[in-house]
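If you're matching them up, the sequences are chains A and B in order. Read in the numbering used here, the first sequence has 154 at position 119, and its numbers run on one by one without any break. Read in the numbering used here, the second sequence has 572 at position 343, and its numbers run on one by one without any break. What follows is one structure encoded as structure tokens, with my remarks underneath.
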Amino acid sequence: MRLLVRLYRSLRIAATAARVYLLYKLPAWGRRLLRRPEPEDLDASHERAARILLGTALSLRGVTIKFCQVVATRADVFPPAVIEVLKQCHDAVPPQPFPRIRAHVEAELGRPLDQVFRAFEPEPMAAASLAQVHRAELLDGTPLAVKVQYPDIEQIVRTDLANMRRVCAVYEFFDPQPLELRPLVKELTNHLALELDFLREADCADRVRELFARDGTVVVPEMHREWSTRRVLSMQLVDGIKITEKEKIQAAGLDPADVVQELMRIYTRMILAAGFFQADPHPGNLFVQPDGQVVLLDFGLSKELPEGFGLGLFELMFSMMTLNESAMIRAFQELGFETKNGDPSTFLLITRRMMKRSDTGRFEGEFTEQMTDELFDAIRENPVVQVPSDFVLVGRVFSLLSGIAHTLGSRANVLEAMGASTG
Amino acid sequence: MGAPAASDAPLEYAVDELLADGPYEAPLVAGQVRCHGGFDAEGRYRSPRTLQRAPAIRAWQAQLARDGHELLAIDAALMPPQYPNVEQAKLLLREGVRDPVVRRLTIISIVEGFGAIIRDVKVPDLAALVVEPIEGTALAHLRGGLFEAHARDEAGYRDEGGHKQMWEAARDLALENPRIPGDVLMRMLGQGPGRRRERRRALPRLDEALETMLATMAQVLAVEVFAMGAFDWGERLLSDPEVSANPEAAGSLVSYIRSDESPHVEYLRSALSEVSARSLRCVDGGTIPGREAVRVLLHATLRGLTRERREEQRQAIRESLLDSMQAHAQPESLLERYDALESAWTPPAKTGFEPETPEA
Ligand SMILES: Nc1ncnc2c1ncn2[C@@H]1O[C@H](COP(=O)(O)OP(=O)(O)OP(=O)(O)O)[C@@H](O)[C@H]1O
Ligand SMILES: [Fe+2]
Ligand SMILES: [Fe+2]
């Protein structure tokens, strides 16, 4: 990568970090000088900070976007106002010019484009943080979606990660009570390494397809390995209704409530039962077909859970839904939640808070967005609790799913989705 | 169980009364886990939430008998044998093949826990849908404490464990905290297609919520009655010193669970019998005999459980059995010995709830 570009990226990231930092600190210094009390509501600053971050991310692509995505998943660490803004980082990434993409694909596949494809649309159908997706046709007419990593993305990622580590170090040096950012950067580094290997992504897609092979309820695009490399992924082009398009779903004669229920079943099966799951159910990655089948896309962020973790999660959700306090505390411990002072009574506090709901209302088998949100609120308010990182990923999946449920105006009955009929 | 004794207990209860507990001299602690119920001064186990629920159920059943109606019963001969049976399970444990037994016990505990869905069953306006009055019946108390008590018994509540936790404790005591096979949930969770799409109406003239409620009750009743087989199995296996590390403690836990289940069977039998003794208003303005509705639903559920369901489960267990035996020195001969112990069984030709009039 050219030195100038590198310098530019470093400066943008550093400048953004500085702006965000000052946004919080200037008013605090001002207040200290004027001896004013701390304001109760920091939401406005949070939101502005998040917008600055998002702006930088969208123009730089690469890790900055991913960083925003990761922050957006850490409802256990960051305030809701930040999360709200950073959730948007999935849309609106400007695509790369086609000649670059073309040259890149040809280099990867080792032959001219027209020896593989009868057609290859220059306009991408989607452009995301690390790659863009083009519609294409094989010589025999098979329609494909070809996901192409941005040329240079690996270097970009490397520079960005280095910058980010530096910025974090500086920040932690200056801030007397720093947020713990370095573990986030580490998490990000791990995810990125996985996401940049499209052959692994193809393997993951095959595994998930296999899991639902007997059902006939889930569609995972077939992978065309002969035309794929670590950086280019050729797959079956699938279509369907975007999962959040309620009117279209209804127009197809489907009940959005059934779609939500089915989605919940698919994810509980992957996460709790199989312990292997597509960890990125944002609405762009999910379609519904007119016959009710659900299409899963984008297996870049697929995750294998340690043995026993699925059962532990099941216990946690089940105990929450059946209002069993002591079982919930045991589940927290089995899942590897830890308190920094080793005092388990914190779990009791969190649990009690969740259980308070039972005095006011009933769960009706639901594991709703409120429950997820409430759990994360409770965890954030008890900073002595350390959340296992696998749980963070799972928590993000459930909050994305409840976001979809919310959009479709329905709620899943998780007990039912788990297959309560099994006797 | 048995013939309802003459009862002068009241027929009307508030929710809290049906949930009322104790008094207990000592709590029940299963393994490390505080569970429901407790022991009286003589050291006898007393089931949870039965202080008033038990006499209430007897009073409703006595009332039914006074009105000249029968209390329906599911024939115990319909109960499929356990798979693996006690002898097969003991053989596996003796030979060090523990996963299939651990898996089976874990599945029982989870299925018990799922009994808690009964509290989410929508109860429609029964006073409007049932032609005859329903005051002073079990039917009128479903939402008013019976479903809730049942749910708490199965999955625990607050700081007390329920049957789910008691089965787990029995398993962990008897088999000394075994490793739980990673595929347990794979075999029972979320196998598609989703239930909603399968939804079929057996009684399309009936109010949909009413049919769903009655069908769920019929299903749960059948599962509860058949669960008695699982309790026998669990009790015999886990109290056998040859394979159990804690025969006394593990065996008695299962016996406590069994005694807690009796009110479940009895209130469901009562409520379904009360429906049978009445007529139901249909959406088309007509009525159908409750007896017919209950028979249709029980017949369907019993056929399902004794035929397809039983065979599916047997197959699934056998498949995983073969995997678990691979680590054994002589899997083939073990399998042969195992198969030789199988109890042959064919479901009885009749469920006892066949339609009484030729089907339309
Ligand atoms: N096989 C396919 N058929 C149809 N559309 C597809 C296919 N694969 C991807 N797309 C479209 O392209 C978009 C981007 O693809 P994908 O999510 O795989 O890229 P990504 O770089 O991993 O994005 P993200 O930012 O979510 O990580 C998808 O949201 C979907 O709309
Ligand atoms: Fe039970
Ligand atoms: Fe029961």
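Heads up, the beta-carbon is just placed ideally off N, CA and C, and yes, glycines get one too. Just so we're clear, the structure is a prediction, and the values are computed from it rather than from any experiment.
Minimum Cα-Cα distance from residue 142 (chain A) among the listed residues A:307, A:226, A:229, A:262 corresponds to A:262.
Closer than 8 angstroms to the CB of residue 367 (chain A) there is not a single CB belonging to chain B.
Around the CB of residue 443 (chain A), 16 or more other CB atoms lie within 10 Å, so the residue is classed as buried.
At least one heavy atom of ligand 2 lies closer than 7 angstroms to the C-beta of residue 383 (chain B).
Cβ-Cβ separation between residue 284 (chain A) and residue 294 (chain A): approximately 6 angstroms, consistent with a contact (criterion under 8 angstroms). In its chain, beyond the 5 residues on either side, 244 have a beta carbon closer than 6 angstroms to the beta carbon of residue 373 (chain B). One finds 362 in chain A with Cβ atoms closer than 7 angstroms to the Cβ of residue 394 (chain B), taken in chain order. Ranked by Cα distance from residue 551 (chain B), the options B:518, B:564, B:434 are led by B:564. Contact of residue 225 (chain A) with chain B is not assigned, every C-beta pair being separated by 8 angstroms or more.
Setting aside the 5 residues that flank it on each side, residue 320 (chain A) is surrounded in the same chain by 332, 333, each with a C-beta closer than 6 angstroms to its C-beta; the list follows chain order.
Each of B:441, B:326, B:242, B:353 was checked against the Cα of residue 523 (chain B), and the nearest Cα belongs to B:441.
Going by DSSP, residue 182 (chain A) is part of the beta strand (DSSP E) stretching over 178–184. Only those residues of the stretch 417–434 of chain A whose C-beta falls short of 8 angstroms from the nearest C-beta of chain B would be listed, and there are none. In the structure shown, residue 518 (chain B) adopts extended strand secondary structure according to DSSP, grouped into three states. Of the heavy atoms belonging to ligand 2, at least one sits nearer than 7 angstroms to the Cβ of residue 341 (chain B). Distances taken from the Cβ of residue 341 (chain A) to the heavy atoms of ligand 1 include none shorter than 7 angstroms. The beta carbon of residue 359 (chain B) lies closer than 8 angstroms to those of 368, 504, 507, 508, 509, 510, 519 in the same chain, with the five residues before and after it left out. One alpha carbon belongs to residue 359 (chain A), the other to residue 348 (chain B), and they sit about 14 angstroms apart. Taking each of A:201, A:230, A:180 in turn and checking the Cα distance to residue 314 (chain A), the smallest one comes out for A:230.
In the DSSP assignment, residue 337 (chain A) forms a beta bridge with A:313. In the DSSP assignment, residue 256 (chain B) falls within the beta strand (DSSP E) that extends over 255–259. DSSP places residue 510 (chain B) within a strand segment (E or B) once states are collapsed to three. Considering only A:378, A:286, A:435, the residue with the shortest C-alpha distance to residue 326 (chain A) is A:286. In this model, residue 192 (chain A) and residue 130 (chain A) are separated by some 17 angstroms (Cα to Cα). Note on geometry: alpha-carbon atoms of residue 501 (chain B) and residue 432 (chain B) lie some 16 angstroms from one another.
Below 8 angstroms, enough C-beta pairs join the stretch 471–484 of chain B and the stretch 315–335 of chain B to call them touching: three or more. The Cβ of residue 345 (chain B) sits closer than 8 angstroms to at least one Cβ of chain A. Taking a Cβ-Cβ cut-off of 7 angstroms, the neighbours of residue 342 (chain A) in chain B comprise 411, given in sequence order. Residue 267 (chain A) places its beta carbon less than 8 angstroms from that of residue 140 (chain A). With a threshold of 16 other beta carbon atoms within 10 Å, residue 297 (chain B) falls short and is exposed. The criterion of a C-beta distance shorter than 8 angstroms is not satisfied by residue 407 (chain B) and residue 549 (chain B). Between residue 168 (chain A) and residue 181 (chain A) a beta carbon distance of about 7 angstroms is seen, short of the 8 angstroms cut, so the two are scored as contacting. The alpha carbon of residue 316 (chain B) has as its nearest neighbour, out of B:578, B:531, B:462, the alpha carbon of B:462.
For residue 331 (chain A), no CB of chain B lies under 8 angstroms from its own CB, so it is not counted at the interface with that chain.
Taken residue by residue, none of the stretch 256–273 of chain A has a beta-carbon sitting less than 9 angstroms from a beta-carbon on chain B. Taking a contact to require three or more Cβ pairs closer than 8 angstroms, the stretch 263–271 of chain B and the stretch 388–406 of chain B qualify as touching.
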